[in-house]
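So the structure is just underneath, and the comments pick up after that.
There are 2 protein chains.
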Amino acid sequence: MLAAARKHLLLDRLARDGRIVAKDVAAELGTSEDTIRRDLRELDAEGLAVRVYGGALPASPAVVDYAARASVAPDSKHRVAATAARLVTPGSTVILDGGTTALAVTAALPRDLDCTVVTHSVTVAAALLEHRAEVIVIGGRLFKHSAVACGAGAAEAALGVSADLFLLGVTGVHAEAGLTTGDADEAAMKRTLASRAADTYVLASEEKIGAASRFAVLPLEGVTGIITDAAAGSAPMRALEAAGAPIVRAS
Amino acid sequence: MLAAARKHLLLDRLARDGRIVAKDVAAELGTSEDTIRRDLRELDAEGLAVRVYGGALPASPAVVDYAARASVAPDSKHRVAATAARLVTPGSTVILDGGTTALAVTAALPRDLDCTVVTHSVTVAAALLEHRAEVIVIGGRLFKHSAVACGAGAAEAALGVSADLFLLGVTGVHAEAGLTTGDADEAAMKRTLASRAADTYVLASEEKIGAASRFAVLPLEGVTGIITDAAAGSAPMRALEAAGAPIVRAS
DNA sequence: CCCATTCTTGCATGTTTATGCTTACTCTGC
DNA sequence: GCAGAGTAAGCATAAACATGCAAGAATGGG
Numbered sequence: 000m001l002a003a004a005r006k007h008l009l010l011d012r013l014a015r016d017g018r019i020v021a022k023d024v025a026a027e028l029g030t031s032e033d034t035i036r037r038d039l040r041e042l043d044a045e046g047l048a049v050r051v052y053g054g055a056l057p058a059s060p061a062v063v064d065y066a067a068r069a070s071v072a073p074d075s076k077h078r079v080a081a082t083a084a085r086l087v088t089p090g091s092t093v094i095l096d097g098g099t100t101a102l103a104v105t106a107a108l109p110r111d112l113d114c115t116v117v118t119h120s121v122t123v124a125a126a127l128l129e130h131r132a133e134v135i136v137i138g139g140r141l142f143k144h145s146a147v148a149c150g151a152g153a154a155e156a157a158l159g160v161s162a163d164l165f166l167l168g169v170t171g172v173h174a175e176a177g178l179t180t181g182d183a184d185e186a187a188m189k190r191t192l193a194s195r196a197a198d199t200y201v202l203a204s205e206e207k208i209g210a211a212s213r214f215a216v217l218p219l220e221g222v223t224g225i226i227t228d229a230a231a232g233s234a235p236m237r238a239l240e241a242a243g244a245p246i247v248r249a250s
Numbered sequence: 000m001l002a003a004a005r006k007h008l009l010l011d012r013l014a015r016d017g018r019i020v021a022k023d024v025a026a027e028l029g030t031s032e033d034t035i036r037r038d039l040r041e042l043d044a045e046g047l048a049v050r051v052y053g054g055a056l057p058a059s060p061a062v063v064d065y066a067a068r069a070s071v072a073p074d075s076k077h078r079v080a081a082t083a084a085r086l087v088t089p090g091s092t093v094i095l096d097g098g099t100t101a102l103a104v105t106a107a108l109p110r111d112l113d114c115t116v117v118t119h120s121v122t123v124a125a126a127l128l129e130h131r132a133e134v135i136v137i138g139g140r141l142f143k144h145s146a147v148a149c150g151a152g153a154a155e156a157a158l159g160v161s162a163d164l165f166l167l168g169v170t171g172v173h174a175e176a177g178l179t180t181g182d183a184d185e186a187a188m189k190r191t192l193a194s195r196a197a198d199t200y201v202l203a204s205e206e207k208i209g210a211a212s213r214f215a216v217l218p219l220e221g222v223t224g225i226i227t228d229a230a231a232g233s234a235p236m237r238a239l240e241a242a243g244a245p246i247v248r249a250s
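So, in structure tokens, the structure goes:
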């Protein structure tokens, strides 16, 4: 049985029964309990389940739905998110963008970290419910595609914020086009958020490098760092380095 | 049975019955009383319950309400939610409160209904991502216990809203105490939202009837209707009817 | 097509955790 | 203040756990 198929089945069970007992599933699938435990550990790391002694329980339903839709290679995202999460220091205020990579940051953030998180993403906010961090939601008209609040009201609310750090998600990081995203309002919102933070770091998982979308957010040099784990030698990466992009290597 | 699931069940019972008797639950679950006592001690340490001699009592109602959110919504909630969802007409603007019953309303709402939903709950907002409805999020400081935005900023944002309908969630509907909830800020926010809608209906699933929490939201006659499916002949219901509460029967 | 590399899986190891039992103590109501 | 129910704490045991390791499968370049 394929590992991916097994994980899907586990998520199905979780949705159907509301719980997973590692021993039972292992017996049913004819695999070892260790394998199931490993799977559950990974699903927990991805924020799709909550690991408990003996098995697993569902994560917050909204988060699961959203994250499952973006069924992409989680490794790259995960490494980038972990690196970004380490930038969040106790007591600091961080603006967290929307999107699946930002969602991965919430999973990588220690639950007992005392900090303030400002976000315009309802899924990010929901994912932080079980963290100690103080959460400030920026309201506005909800953009269904990316689950973030945008528009005039949101921008106005954002102007009241002053943060130490902004973790920015984009859809493209390109040597010439700079940092881009797929929607004009979102791009404007991201710019506004960037203006409210002392430092801005881009969450650039592998597939974003070399890509460009229609709407410019910021030029490459407009941010403090671009966190990525894309292979250093690849053509787009060399182009970015030649363009003077402040690359930060994820690990 | 998973230990974590058992704790969820305990919280469920606490929300439903208002108390837990260690001996009874132990017998019912087929575990030792010690295990239940240990669980209750831990829930108490986490602030989710108050340990008393013989069992446990709910902590602040708001806290328990939130913690039980992962558990299965009883039929009563669904019936109330379905009735409430039918009040939402195409083209209208509805303010949807936070809480598990409001969440059930999102599930009962047709996905292709063209309307505008205003909410201060991030979980409600996330649940509406796949609906056609336009969603406006009211931002502010996130109140972790119930996943809603509260406070000065949220109230201010709410003042800019004008809606046809407000679906209000509370923790208690009592003949004398009126409509109540477990947190002062939340109560104020609910009042503000009620003032922005032409009609206000209360989502009063069975367990809310006859219950009272610490903070008053509105008097019984301050709302257009109280949607419930509690048995008509019960004592609390007769008291409510005698007090002139505008009961609407769910079906 | 083959070999090297990587990934997955299951097993053995030592460690941690949950649970029920016992015992001695505490609380509550009479 | 006394009886009985309820309780915390310690202890033993079995289950669940993380980790390292090795065998087999999958993958990719030559």
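Listed in order, the protein sequences are those of chains A and B. Take 0 as the starting number for the first sequence in numbering that gives the first Met the number 0 and just add one per residue. Take 0 as the starting number for the second sequence in numbering that gives the first Met the number 0 and just add one per residue. Even for Gly, the Cβ is constructed at its ideal location relative to N, Cα and C.
Exercise for review: Return the CA-CA distance between I208 (chain A) and T170 (chain A), expressed in angstroms with no decimal places.
Suggested key: 9 Å
Exercise for review: Could you check which residue in B:G232, B:S204, B:R195 and B:G224 has the C-alpha nearest to that of D74 (chain B)?
Suggested key: B:S204
Review point. Between V121 (chain A) and V87 (chain B), is the Cβ-Cβ spacing less than 9 Å?
Key: no
Point to revise | T170 (chain B) at chain A interface by Cβ criterion, 9 Å | key: no
Check your understanding: Checking contacts by CB at 9 Å: is K143 (chain A) closer than that to chain B?
Key -> yes
Check your understanding: Contact between the region 108–126 of chain B and the region 82–96 of chain B: three or more CB pairs below 8 Å?
Key -> yes
Check your understanding: Of all Cβ atoms in chain B, is any one closer than 9 Å to the Cβ of D228 (chain A)?
Key -> no
Point to revise | Residue burial classification, R12 (chain B) (beta-carbon count within 10 angstroms, cutoff 16) | key: buried
Exercise for review: Kindly confirm or deny that the region 171–179 of chain B and the region 210–221 of chain B touch, where touching means at least three C-beta pairs closer than 8 Å.
Suggested key: yes
Point to revise | Spatial neighbours of A229 (chain B) in its chain, beta-carbon cut-off 6 Å, leaving aside the 5 residues before and after | key: E205, I208 and M236
Practice item. Report the partner residues of E133 (chain B) according to the DSSP bridge assignment. Key: B:T115
Check your understanding: Within 10 angstroms of its Cβ, does H7 (chain B) collect 16 or more other Cβ (buried), or is it exposed?
Key -> buried
Practice item. Flag L167 (chain B) as yes if its beta-carbon sits less than 9 Å from any beta-carbon of chain A, otherwise no. Key: no
Check your understanding: Is G209 (chain A) helix, strand or coil by DSSP?
Key -> coil
Exercise for review: Quick one: list the residues of chain B neighbouring R85 (chain A), beta-carbon separation under 7 Å, in chain order.
Suggested key: Per Cβ cutoff of 7 Å: no residues; R85 (chain A) is ~23 Å from chain B at best.
Point to revise | Residues of the region 11–22 of chain A whose Cβ lies closer than 8 Å to any Cβ of chain B, in chain order | key: G17, R18 and V20
Exercise for review: At 7 Å on the CB atoms, spell out the chain B contacts of T122 (chain A), in chain order.
Suggested key: A125
Point to revise | C-alpha gap between R5 (chain A) and A81 (chain A), whole angstroms | key: 25 Å
**Study point:** For D163 (chain A), the three-state DSSP class (helix, strand or coil)
**Key:** strand
Check your understanding: Excluding the five sequence neighbours on either side, which residues of its own chain have a C-beta within less than 7 Å of the C-beta of A242 (chain B), listed in chain order?
Key -> A174 and L219
Point to revise | Residue range of the alpha helix (DSSP H) that includes V123 (chain A) | key: V121 to A126
Practice item. Using a cut-off of 7 Å between C-beta atoms, extract the partners of L158 (chain A) located in chain B. Key: Here the premise fails: no neighbours, minimum Cβ distance about 12 Å.
Check your understanding: Three or more C-beta pairs closer than 8 Å, one from the region 188–202 of chain A and one from the region 18–27 of chain B: is that the case here?
Key -> no
Point to revise | Contact set between A146 (chain A) and chain B, taken where Cβ atoms lie within less than 9 Å | key: A124, A125 and L128
Exercise for review: Return helix, strand or coil for V197 (chain A), following the three-state DSSP convention.
Suggested key: Reading the sequence as shown, one finds Ala at residue 197 (chain A) and not Val. Strand at A197 (chain A).
Check your understanding: Who are the neighbours of G98 (chain A) on chain B, taking C-beta pairs under 7 Å?
Key -> By Cβ distance, chain B contributes nothing, its closest Cβ being about 13 Å from G98 (chain A), past 7 Å.
Exercise for review: Please look up how many angstroms separate the CB atoms of F165 (chain A) and A187 (chain A), rounded, as I've assumed it's under 8 Å.
Suggested key: Rounded, the Cβ-Cβ distance is 15 Å, inconsistent with contact.
Practice item. Look up A238 (chain A) in the DSSP assignment and say whether it is helix, strand or coil. Key: helix
**Study point:** Candidates B:G159, B:L167 and B:M0: closest to T30 (chain B) by CA position
**Key:** B:M0
Practice item. Could you give the DSSP three-state label for A83 (chain A): helix, strand or coil? Key: helix
Exercise for review: Grab me the residues of D184 (chain B)'s own chain with a C-beta within less than 8 Å of its C-beta, minus the 5 sequence neighbours each way, in chain order.
Suggested key: F142, C149 and G150
**Study point:** CB contact flag (A146 (chain A), A125 (chain B), <9 Å)
**Key:** yes
Check your understanding: Hey, how far is the Cα of A101 (chain B) from the Cα of A101 (chain A)?
Key -> 27 Å
Check your understanding: For chain A, is any of its Cβ atoms less than 9 Å away from the one on A183 (chain B)?
Key -> no
Exercise for review: Could you please give me the residues that DSSP links to A215 (chain B) through a beta bridge?
Suggested key: B:T179
Exercise for review: Would you list, in sequence order, the uninterrupted alpha helix (DSSP H) runs of no fewer than 4 residues that lie entirely inside the region 8–67 of chain A?
Suggested key: 21–28 and 32–44
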